[in-house]
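Structure record follows, encoded as C-alpha cells.
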Amino acid sequence: MSEPVAVAAAEAAAPAPAAGLRIDRFTVISVLTLLLVLLHSDDAWYIRVPAGIFALAGFFVPNLIRNAGFWLMLSLLSMMGNALNWQRADNHKYLIAYWCLAVGLSMLTRDPEENMGRSARLLIGAAFFFAVFWKLVSRDFLNGAFFESSLLFDDRFSYVGRAVGGMIQPLQAANLSAQHALLSYDSTMDVAALQYSAGIRIMARFFTWWGLLTETLVAAAFLLPRGKLFRIPRDYYLLTFLFSTYAIASVIGFGWVLATMGYAQSREAPRSVARLYVLAVVVMQAYKLPWRLIFEYLTALS
Amino acid sequence: MSRLPDRVWLSRYLPVCCLVAVALAQTGLVLSEDLSRWKGGGFGMFSTADTPFARFVRVRLTVGGESHAVAVPPSAREVAQKARVLPTQERLEELTRLLSAGRWVRDDSALLDPESRDLVRQKLTALADERLDDALEEIDQIYRQRVVKMRNAPTFRMLDPGEPPPPGAVEVHPEEIQVELWRYRFDGAQQKLIARKVRSITTAALTPVPAP
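Next comes the structure, spelled out in C-alpha cells:
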C-alpha cells in the first residue's frame with residue numbers, strides 16, 4: 285500500500301471528530317430531567333422504583349426520550365407521589381411533575397424545543413410569583429423572624445449563623461435544648477426562652493430582603509414582557525438566584541429543576557448563558573459538601 | 003406518535019394551568035383549614051417559621067384516674083404528621099380513633115434499663131456542662147428535672163399492631179385519651195418560642211376493659 289493511501293485509510297478508520305459528538309439541546313434537557321427524576325423523585329418506594337426504572341430506560345433506549353407517552357408517564361408517577369404523600373411532598377416535587385408534563389406535551393407538537401421553552405418560562409414565572417406572594421402576606425417573613433428562626437434551628441442555616449452571625453456553639457446548643465424541651469411529648473411548657481446575638485438579626489434582615497428582591501425580579505422578568513423595566517435578560521436574574529440561594533438553602537432538587545427549565549427556555553440567549561445553567565447544576569453538587577463540618581473543622585484548627 | 007400542531011396551546015399552557023390550579027387550591031386550604039404553607043404545592047416554603055415541625059402533638063392518657071403524657075407511637079406517626087400539616091378536626095379525630103383502638107402497656111423497662119438511663123444521663127449532663135453562662139441555668143434545670151422525671155415516672159406506650167407485650171410490661175386500659183395539637187410561633191422581639199394549643203379532643207378509649 286502506498287503512503288497516501290495508507291494515511292487515507294487510517295483517517296477513515298479513525299473515530300469521528302469531536303464536532304460529531306456535539307450534544308444537541310434536547311438531549312441536554314432530557315439528560316438533566318432524567319437525572320433529576322432518578323435522584324429527586326418521591327421518596328416512597330412505589331414511586332421511586334418505577335420512576336427510577338423509567339428514567340434509566342430513557343438513558344439506554346434513546347427513542348424513548350422522543351416519545352410523549354414516556355414523559356407523560358413520568359409526570360403521572362410524580363403527580364401520584366405528590367397526591368399520595370401530600371403531607372411530605374416538597375414544592376419542587378410538584379414542579380418536577382409539571383415539567384415532565386411540559387416536556388411530554390411539547391413532544392406532540394411540531395417544534396418541541398420552542399414549546400417546552402415557553403412552558404418552562406411560564407412555570408418558572410408562576411412558581412416565583414406564588415413564592416413572592418406568600419412572603420409578602422406572611423406575618424413573620426418581612427420582619428425577619430423567619431430567617432432568625434432558621435438561623436437558630438435549621439441545620440442548613442445554623443452553621444452560617446455561627447460562621448458570620450456571631451453565634452457560639454454553646455448558645456446554639458442551648459437554644460436547641462429549649463426548643464426540644466418545648467416539643468417533647470411530656471413537656472408542660474408553653475414558652476421557651478432563646479438567646480442570640482445581634483449578628484443573627486442583621487443576617488436575617490439581609491437574607492429576607494435579598495431573597496425577596498431576587499425572587500421578585502425573577503417572577504417579574506419571566507412573566508412580564510421584556511421592555512424598559514427589564515432590559516437585562518431574565519436569565520441573569522434566575523442565574524443570580526440559583527448561584528446565591530442554593531449555596532445556603534441546599535434544596536438541590538429545587539435548584540436542579542429550575543436550572544433545567546432555565547436551560548430549556550434559553551434557546552435565544554447566548555450559548556454562554558445556557559452553559560451557566562448546566563454549570564449551576566454542577567456547582568449545586570458542590571454545595572452539598574458538608575460545609576458545616578468543614579467550618580467546624582477549620583474553626584477548631586484556628 | 004403523530005405530531006399534532008393544534009396541541010401547541012395545550013403544550014404551552016396546560017402545565018402552568020396545573021401549577022396555578024394546585025397553588026390556588028393550596029391557598030384556599032391555607033386560609034380555610036390552616037394547611038401548612040410549606041406543603042400542598044403552593045410554593046409557600048421559606049416564607050414562615052410555621053413549618054410542620056413547629057406544630058406538634060401532645061397526647062395524654064388517663065389511667066387509674068391519673069393523667070400521663072405519652073409519646074405518639076410509631077404506627078400513628080404518619081397520621082400525626084397529616085394532622086400537623088392539615089390540622090382539621092377530622093384529622094385529629096382520626097388520630098384519636100387510632101390511639102383509642104390501640105393496646106397500651108405500662109412499660110417502664112425502656113427508661114429504667116440501666117444502660118439507656120446512663121446514656122440519657124451522660125448526654126444530658128454533657129449538654130448541661132457546656133453551659134457556663136448563668137443565664138442558661140433555667141434551661142439546665144429543665145433538663146435536670148427531666149432526668150429525674152424519666153427515672154421516676156411510669157412510662158406508657160402503645161404496642162404496634164401484632165406486637166406482643168414485652169416481658170415485665172403490664173397491659174393497661176386507659177379511661178380517657180386526650181390528643182392536643184399545638185404550634186409555636188417565633189417571637190423575635192422577645193426572643194421566645196411561644197406555643198399555644200390549636201385543637202384538642204378527648205375521648206374514651208375503645209379497648210374493652212376486662213371484667214373483674
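These protein sequence lines map, in sequence, to chains B and X. Using my numbering, the first residue of the first sequence is number 285, and each one after it goes up by one. Using my numbering, the first residue of the second sequence is number 3, and each one after it goes up by one. Using N, Cα and C, we set each Cβ at its ideal position, and we do this for glycine too.
C-beta neighbour in chain B for LEU63/X, strict 9 Å: Your numbering for residue 63/X matches position 61 in the second sequence. False, the Cβ-Cβ gap to chain B never drops below 9 Å.
For ASP424/B and ALA85/X, believed in contact at Cβ under 8 Å, the rounded distance: Translated into positions along the second sequence, residue 85/X becomes position 83. Translated into positions along the first sequence, residue 424/B becomes position 140. With 8 Å as the limit, ALA85/X and ASP424/B do not qualify as a contact, their Cβ atoms being about 22 Å apart.
Boundaries (first-last residue) of the alpha helix (DSSP H) holding ILE313/B: In the first sequence, the residue the question calls residue 313/B occupies position 29. ILE313/B -> alpha helix (DSSP H) spans 309 to 324.
Three-way DSSP call (helix, strand, coil) for GLU80/X in this model: Taking the first residue of the second sequence as position 1, residue 80/X is located at position 78. Looking at GLU80/X - three-state DSSP - the assignment turns out to be helix.
Rounded distance between the beta-carbons of VAL312/B and TYR547/B, thought under 8 Å: For the purposes of this step, residue 547/B is identified with residue 263 of the first sequence, where counting begins at 1. For the purposes of this step, residue 312/B is identified with residue 28 of the first sequence, where counting begins at 1. 7 Å between Cβ atoms; contact.
Touch test, the stretch 565 to 578 of chain B against the stretch 363 to 383 of chain B, Cβ-Cβ under 8 Å, three pairs minimum: no
At least three beta-carbon pairs within less than 8 Å, the stretch 188 to 197 of chain X to the stretch 472 to 480 of chain B: Because the criterion of three Cβ pairs below 8 Å is met, the stretch 188 to 197 of chain X and the stretch 472 to 480 of chain B touch.
Sufficient close CB pairs (3 or more, under 8 Å) joining the stretch 529 to 539 of chain B to the stretch 548 to 556 of chain B: By the Cβ rule, the stretch 529 to 539 of chain B does not count as touching the stretch 548 to 556 of chain B, because fewer than three pairs are nearer than 8 Å.
Amino acids of chain X, ordered along the chain, whose beta-carbon sits closer than 8 Å to that of PHE430/B: Start at 1 with the first residue of the first sequence, and residue 430/B comes out as number 146. Correct list: PHE48, SER49, THR50, ALA51 and PHE188.
C-beta contact flag for ALA488/B and PHE430/B at 9 Å: Within the first sequence, numbered from 1, the residue matching residue 488/B stands at position 204. Within the first sequence, numbered from 1, the residue matching residue 430/B stands at position 146. Yes; because the gap between Cβ atoms is below 9 Å, this pair is in contact.
Beta carbon of PHE45/X nearer than 9 Å to that of PHE414/B: Mapped onto the second sequence, residue 45/X falls at position 43. Mapped onto the first sequence, residue 414/B falls at position 130. Yes, these two residues count as a Cβ contact at 9 Å.
Neighbour flag for VAL475/B against chain X, beta carbons, 9 Å: The count along the first sequence starts at 1 and reaches residue 475/B at position 191. Yes, contact with chain X.
Span of the beta strand (DSSP E), counted from its first residue to its last, around SER69/X: Mapped onto the second sequence, residue 69/X falls at position 67. For SER69/X, the enclosing beta strand (DSSP E) begins and ends at 68 to 72.
Between the CA atoms of SER434/B and MET160/X - distance to the nearest angstrom: Indexing the second sequence from 1 puts residue 160/X at position 158. Indexing the first sequence from 1 puts residue 434/B at position 150. So the two alpha carbons sit approximately 34 Å from each other.
Chain B contact for VAL22/X (CB, 9 Å cutoff): Here residue 22/X refers to the residue found at position 20 of the second sequence. Yes, its Cβ sits closer than 9 Å to a Cβ of chain B.
Environment of LEU561/B [buried if 16+ CB atoms lie within 10 Å]: Here residue 561/B refers to the residue found at position 277 of the first sequence. Inspection of the sequence shows that residue 561/B is occupied by Tyr rather than by Leu. Classification of TYR561/B: buried, given that the 10 Å Cβ count is 16 or more.
Chain X contact residues for THR544/B, given Cβ-Cβ distances below 7 Å: Here residue 544/B refers to the residue found at position 260 of the first sequence. Those within 7 Å of THR544/B in chain X number zero; the least Cβ separation is about 14 Å.
Selection of the stretch 348 to 373 of chain B by Cβ proximity to chain X, strictly under 8 Å: If the cut-off is 8 Å between Cβ atoms, the stretch 348 to 373 of chain B has ASN351, ALA352, GLY353, ASN366, TRP370, GLN371, ARG372 and ALA373 near chain X.
Residue burial classification, ASN459/B (beta-carbon count within 10 angstroms, cutoff 16): The count along the first sequence starts at 1 and reaches residue 459/B at position 175. ASN459/B is buried by the Cβ-count criterion.
Cβ distance (whole Å) where SER314/B is taken to contact GLY353/B below 8 Å: For the purposes of this step, residue 314/B is taken as the residue at position 30 of the first sequence. For the purposes of this step, residue 353/B is taken as the residue at position 69 of the first sequence. Not really, about 15 Å apart at Cβ, beyond 8 Å.
Contact set between the stretch 192 to 204 of chain X and chain B, restricted to residues whose Cβ is under 9 Å from the partner: GLN192, GLN193, LYS194, LEU195, ILE196, ALA197, ARG198 and LYS199
Buried or exposed (CB count within 10 angstroms, at least 16 for buried), ASP308/B: The count along the first sequence starts at 1 and reaches residue 308/B at position 24. Burial call: exposed.
Helix, strand or coil at LEU63/X [DSSP, three-state]: Within the second sequence, the letter at position 61 stands for residue 63/X. Strand.
For SER471/B and ARG405/B, the rounded distance between their alpha carbons: Within the first sequence, residue 405/B is the residue found at index 121, counting from 1. Within the first sequence, residue 471/B is the residue found at index 187, counting from 1. Roughly 48 Å separates the two Cα atoms.
Boundaries of the alpha helix (DSSP H) in which GLN463/B is found, first to last residue: Counting from one through the first sequence, the residue named residue 463/B turns up at place 179. It spans 453 to 467 - the alpha helix (DSSP H) in which GLN463/B sits, taken as one unbroken run.
Rounded C-alpha distance that separates LEU426/B from VAL345/B: Start at 1 with the first residue of the first sequence, and residue 426/B comes out as number 142. Start at 1 with the first residue of the first sequence, and residue 345/B comes out as number 61. C-alpha separation (whole angstroms): 49 Å.
Cα-Cα separation, SER481/B to LEU466/B: Taking the first residue of the first sequence as 1, we reach residue 481/B at position 197. Taking the first residue of the first sequence as 1, we reach residue 466/B at position 182. Each residue's Cα considered, the two are about 21 Å apart.
Proximal residues, the stretch 451 to 472 of chain B versus chain X, C-beta separation under 7 Å: PRO454, ALA457, ALA458, SER461, ALA462, GLN463, ALA465, LEU466, LEU467, TYR469 and ASP470
Where THR317/B meets chain X, residues with beta-carbon distance less than 9 Å: Residue mapping note: residue 317/B aligns to position 33 of the first sequence, counting from 1. Ordered by position in chain X, no residue passes the 9 Å Cβ test against THR317/B, which lies about 13 Å from the chain.
Option in ASN351/B, ILE484/B, TRP494/B and PHE527/B with minimal Cα separation from GLY450/B: One-based indexing of the first sequence puts residue 450/B at position 166. The shortest C-alpha separation from GLY450/B is found at ILE484/B.
Expected contact under 8 Å - CB spacing of VAL24/X and GLY43/X to nearest Å: By 1-based counting over the second sequence, the position of residue 24/X is 22. By 1-based counting over the second sequence, the position of residue 43/X is 41. Indeed, because the Cβ distance is near 4 Å, the residues count as touching under 8 Å.
Cβ-based neighbour list, ALA447/B, same chain, cut-off 6 Å, excluding 5 preceding and 5 following: In the first sequence, residue 447/B corresponds to position 163, counting from 1. So the list reads PHE579, once near-sequence residues are dropped.
Where TRP575/B falls: helix, strand or coil (DSSP): Residue numbering aside, residue 575/B sits at position 291 when the first sequence is read from its first letter. Here TRP575/B sits in helix by DSSP.
Among TYR581/B, MET545/B, GLN569/B and GLY445/B, the one whose alpha carbon lies nearest that of ALA411/B: Your numbering for residue 411/B matches position 127 in the first sequence. Comparing Cα-Cα distances from ALA411/B to each of TYR581/B, MET545/B, GLN569/B and GLY445/B, the minimum goes to MET545/B.
PRO116/X classed as buried or exposed, judged by whether at least 16 other C-beta atoms fall within 10 angstroms: As a first step, residue 116/X is located in the second sequence; it is residue number 114 there, counting from the start. At PRO116/X, the pLDDT of 47 sits below 50, so the modelled position is not reliable; the number obtained from the coordinates is stated separately. It counts as exposed.
Rounded C-alpha distance that separates GLY170/X from GLU68/X: To locate residue 170/X, count along the second sequence from 1; it is residue 168. To locate residue 68/X, count along the second sequence from 1; it is residue 66. When rounded, the distance between both Cα atoms is 21 Å.
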